[in-house]
Amino acid sequence: MALYNYDRKLTAAEIKIENAAYSENSKKLILRFEKFLFVEGLSKARVLKYLSQMNAVAEWADFELDSATKEDIEYIVGIVARSDLAD
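In case it helps, my numbering puts the sequence shown at residues 59 to 145.
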């Protein structure tokens with residue numbers, strides 16, 4: 059049995075994203091990004107961290123992730139810089 063059980067944590071993160079209040083389009087983008095991260099060879103721990111961060115960003119965003127403007131990105135960067143996600 060794995061010490062950190064990343065498979066279970068990844069499943070929980072995916073369920074959290076699927077049940078989130080933001081748009082279905084943003085959910086699909088985040089889950090597609092997850093697949094891309096694994097294709098790129100990232101570890102389960104790193105993918106889990108990115109999923110958590112993207113979930114938070116999508117919750118803060120009042121726009122579709124795939125149509126973000128420069129101002130939208132600057133707004134999110136400002137929030138992230140002041141949050142625990144900056145670490």
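A virtual CB, placed ideally from N, CA and C, is assigned to each residue, including glycine.
Since the model is a prediction, treat every value here as computed from it, not as a measurement.
D130 is positioned such that its CB atom lies closer than 8 Å to that of A119. Taking the CA atoms as reference points, S110 sits about 14 Å from R90. Restricting attention to F121, K67, L68, the CA atom closest to the CA of E82 is found in F121. Per DSSP, D120 lies in no alpha helix (DSSP H) segment and is marked neither H nor E. When the five nearest sequence neighbours on each side are left out, the beta carbons in the same chain lying within less than 8 Å of the beta carbon of E117 are those of A78, A79, Y80, in order along the chain.
With a beta-carbon spacing of about 12 Å, L100 and Y64 fall beyond the 8 Å limit used to define contacts. CA-CA distance, I88 to A139, rounds to 21 Å.
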